[in-house]
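Visitor:
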Amino acid sequence: MVAELPSFQRYQLAFTARLRDSRNAPPLAGVPRERMAVYEEIVFNNLFESVSACFPIASKVIGKRKWLKLNQAFMRDYSANSPLFRRIPEQFLQYLNNPSPELQQLIPDYLNSLCHYEWIELLVSSIPETNPQGIQPNGDLAINRPVFSPTMQLLNYDYAVHKITPRKKPQHKASTQLLVYRNADDTVKFIELNAVTHRLISLLLNEAIAGEQALTLLAKELQHPQPESIIQFGLTILEDLKNQGVIIGTH
Amino acid sequence: MAIKSQLHGVGLGLKRELIPQIQSLYGQQQLANISFLEIAPENWINVGGKYAKQLDWFVERYPIVCHGLCLSLGGISPLNVDFLQQVKTFLHQYSIPVYTEHLSYCTDGFKGEQGYLYDLLPIPFTEEAVHYVAQRIRQTQDILGQRIGVENASAYVAAPVSELSELDFINAVIAEADCLLHLDINNIYVNSVNFGFDPHQFLRGIPGERIIYTHMAGHYQQTPSLLVDTHGENVIDPVWALLEDAYQLFGTFPTLLERDNNIPPLNVLMHEINKIADYQHKAERSFTAARQSAKTLG
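Protein chains in written order, with this note's numbering: chain V, 14 to 264; chain Z, 3 to 300.
1) Anything in chain V within Cβ reach of Pro226(Z), meaning under 8 Å, just list it in chain order.
2) Just to make sure I have the definition right: I need the residues of chain V whose C-beta is within less than 8 Å of the C-beta of Thr128(Z). Which are they?
3) Taking 9 Å as the threshold (C-beta atoms), are Ser79(Z) and Glu130(Z) in contact?
4) Leaving out the 5 sequence neighbours to the left and right, which residues in its chain are closer than 8 Å to Leu271(Z) when beta-carbon positions are compared?
5) Name the one or two DSSP bridge partners that Lys202(V) has.
6) Just the Cα atoms here: how many angstroms apart are His175(V) and Ile278(Z)?
7) Which class does Gln224(Z) belong to by DSSP, given the choice of helix, strand or coil?
8) Look at the alpha carbon of Leu124(V) and the alpha carbon of Arg212(Z), and state the distance between them as a whole number of angstroms.
9) Using a Cβ-Cβ cutoff of 7 Å, what residues of the segment 176 to 205 of chain V are near chain Z? List them in chain order.
10) Pick helix, strand or coil for Lys181(V), following the three-state DSSP scheme.
11) Kindly indicate if chain V contains any beta-carbon less than 9 Å away from that of Ala174(Z).
12) Residue range of the alpha helix (DSSP H) that Val58(V) falls in?
13) Pro114(V): buried (16+ other C-beta within 10 angstroms of its C-beta) or exposed?
14) In terms of residues, what are the limits of the beta strand (DSSP E) holding Met165(V)?
15) Is Tyr108(V) close to chain Z, meaning its C-beta is less than 9 Å from at least one C-beta of that chain?
16) Around the C-beta of Met3(Z), are 16 or more other C-beta atoms found within 10 angstroms, so that it is buried, or is it exposed?
17) Give the residues from the segment 119 to 143 of chain V that approach chain Z closer than 9 Å (Cβ to any Cβ), ordered along the chain.
18) Is the beta carbon of Gln149(V) less than 9 Å from the beta carbon of Tyr194(V)?
19) What are the boundary residues of the beta strand (DSSP E) that includes Cys108(Z)?
20) Beta-carbon within less than 7 Å of Cys67(V)'s beta-carbon, same chain only, minus the 5 sequence neighbours each way: which residues are those?
21) Please tell me whether Pro162(Z) has its Cβ less than 9 Å away from any Cβ of chain V.
22) Run through DSSP, which three-state label would Gln148(Z) get?
23) Considering only residues of the same chain and omitting the five flanking positions on each side of Ile70(V), which have a CB-CB separation below 8 Å?
24) Please report how far the alpha carbon of Glu103(Z) lies from the alpha carbon of Gly11(Z), in whole angstroms.
25) Please report the straight-line C-alpha distance between Lys17(Z) and Glu17(V), rounded to a whole angstrom.
26) Of all the options Pro159(V), Gln236(V), Ile204(V) and Leu32(V), which has the alpha carbon lying nearest to the alpha carbon of Gln85(V)?
27) Can you grab the Cα-Cα spacing for the pair Ala208(V) / Leu217(V), in whole Å?
28) When the Cα atoms are used, what is the spatial distance from Leu230(V) to Gln190(V)?
29) Assuming Ser164(Z) and Cys108(Z) make a contact with CB atoms under 8 Å, what is their CB distance in whole Å?
30) Can you grab the Cα-Cα spacing for the pair Thr142(Z) / His211(V), in whole Å?
31) Hey, does Asp144(Z) have any beta-carbon neighbour from chain V nearer than 9 Å?
32) Quick check on the DSSP output: the alpha helix (DSSP H) that includes Phe127(Z) runs from which residue to which?
33) Taking only beta carbons into account, state which residues of the segment 32 to 44 of chain Z come closer than 7 Å to chain V, listed in chain order.
34) Comparing alpha-carbon positions, which option in Tyr215(Z), His233(Z) and Ile214(Z) lies nearest Tyr222(Z)?
35) Where do the ends of the beta strand (DSSP E) carrying Glu103(Z) lie?
36) Would the segment 242 to 252 of chain Z count as touching the segment 204 to 211 of chain Z if we require 3 or more Cβ pairs under 8 Å?
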């Protein structure tokens, strides 16, 4: 098929193959190596910087050499489909979820969760505004459906990703629930949730029901002897989320 | 070419690092020579939060032009029409009259996808490439409903398959696509060193009447015969001389300073902005003087 292409496109494919994998792709006939090396370096360095900027912790946690290898493999194996620069890290995440087999051993079990957690900040900081219609900013959260900030991300990880540092790598799994959102000042905020609050918010999101209904369901799920105390406690949590701007009103 | 009249004077590429400085010094005399700003749509399409507010702030105060990086006019994968539609919406949403792109490519169609490599790669200068690129520019202009400008790109490797000179390639593409020229003065110089030609001679071959605006920038000298277009250094004297020559040849046109790396404080960058403005005033004065003496003689 390549043979049917015009000569300029055959050359382009040989050129980009070299950029993707300068170790294994054949050098271009008639092109000085030191000139080609300029492209090999700048193209990789640009990609490497765009990826690394989003993952300051992950890149340090697995160490320079492994991080470099992962990025070289990303350059070599992944076909990026978005022209938007801020989506480069998201595409790296997609690659991490489905890497070439020989990379599996480079990737500790927690790395994908950690990278996802680091990427979420970029995502939430730049998600476009949507203005949900017909919201009562001061509606009663018990009898109406709470509406959450459109920027909110409800997250569930197998590791305590928010506690990982280069010196403190996770030794074991620890179910972790986080809520990330952008407040009215456009600051990205992280809230650690307990499993019950996480479940409450999931119910409200998925079932589209009023606060008290969700809490009644939750009390049943927990088989709590005093559902009323769950409801009272849960309503204070919803009020709290309202005050922080996670809940923006009711429907 | 009505578009040109909407731009004038000197522009600056809007980098994130510069945003707070421009906002805090806005309205002060020291920024008086910044007449327009340039953004890459790839950085601003569909942003929300503080980025959307920054964009609103600048759109209210400055004429904005869009200079794209990832359209991949010379790329082997199909033109990304979805992206172009996003660009179109973006231009309309912010009333941005100008969109330019590079005569280069950044995709390789790897694994049947676009295969973005996020950099400006050199198109081989062949007859087939002329028709291919011109057709994609026409397709772009049809979708956008407006002419675009294409920029002469810097390069480090000459393709052995090339059949044309860079100048012949650019001229052929522009004529066939009926588009505008976004002239990058620094790129002419970079390529003149990297490929050994006379940049002033090159200037004399370009279609000056199609220039929409020009770029000025600094580069990195890797070796005496290899310059890398980093936009990370000050503009050097031979590039200033080329700008002066271009103004004399074609009259002045809007000119924008690009500084993407190693960015000094805004008050330092203003030296180069002000210098461009000085060159423009000087060229306009000599142009007017020449016209008056022509009248006197007549």
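Virtual Cβ for every residue (Gly too), placed ideally from N, Cα, C.
Guide: Inspection of the coordinates gives the following:
1) Along the second sequence, read from residue 1 onward, the residue named residue 226(Z) stands at position 224. The premise fails here: Pro226(Z) is roughly 13 Å from chain V at the closest Cβ pair, so nothing lies under 8 Å.
2) Translated into the one-based positions of the second sequence, residue 128(Z) becomes position 126. By Cβ distance, chain V contributes Pro19, Ser20 and Phe21.
3) By one-based count along the second sequence, residue 130(Z) stands at place 128. By one-based count along the second sequence, residue 79(Z) stands at place 77. Going by C-beta atoms, Glu130(Z) is not nearer than 9 Å to Ser79(Z).
4) For this step, residue 271(Z) is matched to residue 269 along the second sequence. Only Leu14, Leu20, Leu259, Arg261 and Ile265 meet the Cβ criterion.
5) Indexing the first sequence from 1 puts residue 202(V) at position 189. Tyr194(V).
6) Here the question's residue 175(V) lines up with position 162 in the first sequence. Here the question's residue 278(Z) lines up with position 276 in the second sequence. Their Cα atoms are separated by approximately 49 Å.
7) Along the second sequence, one-based indexing puts residue 224(Z) at 222. Of the three classes helix, strand and coil, the one that applies to Gln224(Z) here is strand, per DSSP.
8) Translated into positions along the first sequence, residue 124(V) becomes position 111. Translated into positions along the second sequence, residue 212(Z) becomes position 210. Going from the Cα of Leu124(V) to the Cα of Arg212(Z) covers about 52 Å.
9) Arg195 and Asp199
10) In the first sequence, residue 181(V) corresponds to position 168, counting from 1. Lys181(V) falls in the strand class under three-state DSSP.
11) For the purposes of this step, residue 174(Z) is identified with residue 172 of the second sequence, where counting begins at 1. No, because no Cβ of chain V sits closer than 9 Å to the Cβ of Ala174(Z).
12) By one-based count along the first sequence, residue 58(V) stands at place 45. The sequence shown places Asn at residue 58(V), not Val. Start and end: Arg46 to Cys67.
13) Residue 114(V) sits at position 101 when you count from the first residue of the first sequence. Exposed.
14) Against the first sequence, residue 165(V) aligns to sequence position 152. Segment: none, Met165(V) is in no beta strand (DSSP E) and carries neither H nor E.
15) In the first sequence, residue 108(V) corresponds to position 95, counting from 1. For Tyr108(V), the answer is no, since every Cβ of chain Z falls outside 9 Å of its Cβ.
16) Reading the second sequence from its first residue, position 1 is the one you call residue 3(Z). The predicted model places Met3(Z) with a pLDDT of 39, which falls under 50 and marks its position as unreliable, so this point remains unresolved.
17) Val137, Ser138, Ser139, Ile140, Pro141, Glu142 and Thr143
18) Working through the first sequence from its first residue, we reach residue 149(V) at position 136. Working through the first sequence from its first residue, we reach residue 194(V) at position 181. Not in contact: Gln149(V) and Tyr194(V) (Cβ atoms no closer than 9 Å).
19) For the purposes of this step, residue 108(Z) is identified with residue 106 of the second sequence, where counting begins at 1. Per DSSP, Cys108(Z) belongs to the beta strand (DSSP E) from Tyr107 to Thr109.
20) Position 54 of the first sequence, counting from 1, holds the residue named residue 67(V). Excluding positions up to five away in sequence, the list reads Pro102, Glu131, Trp132 and Leu135.
21) Within the second sequence, numbered from 1, the residue matching residue 162(Z) stands at position 160. Chain V, which has a Cβ nearer than 9 Å to the Cβ of Pro162(Z), makes this yes.
22) Here residue 148(Z) corresponds to residue number 146 of the second sequence, with the count starting at 1. Three-state DSSP puts Gln148(Z) in coil, outside helix and strand.
23) Here residue 70(V) corresponds to residue number 57 of the first sequence, with the count starting at 1. If we look at Ile70(V) and ignore the five residues flanking it on each side, its Cβ neighbours are Leu127, Glu131, Ile177, Thr178 and Pro179.
24) Translated into positions along the second sequence, residue 103(Z) becomes position 101. Translated into positions along the second sequence, residue 11(Z) becomes position 9. Approximately 21 Å, taken between the alpha carbons.
25) As a first step, residue 17(Z) is located in the second sequence; it is residue number 15 there, counting from the start. As a first step, residue 17(V) is located in the first sequence; it is residue number 4 there, counting from the start. Cα to Cα, the separation comes out at about 42 Å.
26) Sequence index remark: in the first sequence, residue 85(V) carries index 72 (1-based). It is Leu32(V).
27) Translated into positions along the first sequence, residue 208(V) becomes position 195. Translated into positions along the first sequence, residue 217(V) becomes position 204. Approximately 14 Å, taken between the alpha carbons.
28) Mapped onto the first sequence, residue 230(V) falls at position 217. Mapped onto the first sequence, residue 190(V) falls at position 177. For Leu230(V) and Gln190(V), the distance between alpha carbons rounds to 20 Å.
29) Taking the first residue of the second sequence as 1, we reach residue 164(Z) at position 162. Taking the first residue of the second sequence as 1, we reach residue 108(Z) at position 106. Contact doesn't hold; Cβ gap of about 19 Å is too wide.
30) To locate residue 142(Z), count along the second sequence from 1; it is residue 140. To locate residue 211(V), count along the first sequence from 1; it is residue 198. Distance between the alpha carbons of Thr142(Z) and His211(V): 47 Å.
31) The count along the second sequence starts at 1 and reaches residue 144(Z) at position 142. Closer than 9 Å: no.
32) In the second sequence, counting from the first residue as 1, residue 127(Z) sits at position 125. No alpha helix (DSSP H) holds Phe127(Z); DSSP gives it neither H nor E.
33) Glu44
34) In the second sequence, counting from the first residue as 1, residue 222(Z) sits at position 220. Taking only the C-alpha atoms, the option nearest Tyr222(Z) is His233(Z).
35) Residue numbering aside, residue 103(Z) sits at position 101 when the second sequence is read from its first letter. That run of the beta strand (DSSP E) goes Val100 to His104.
36) yes
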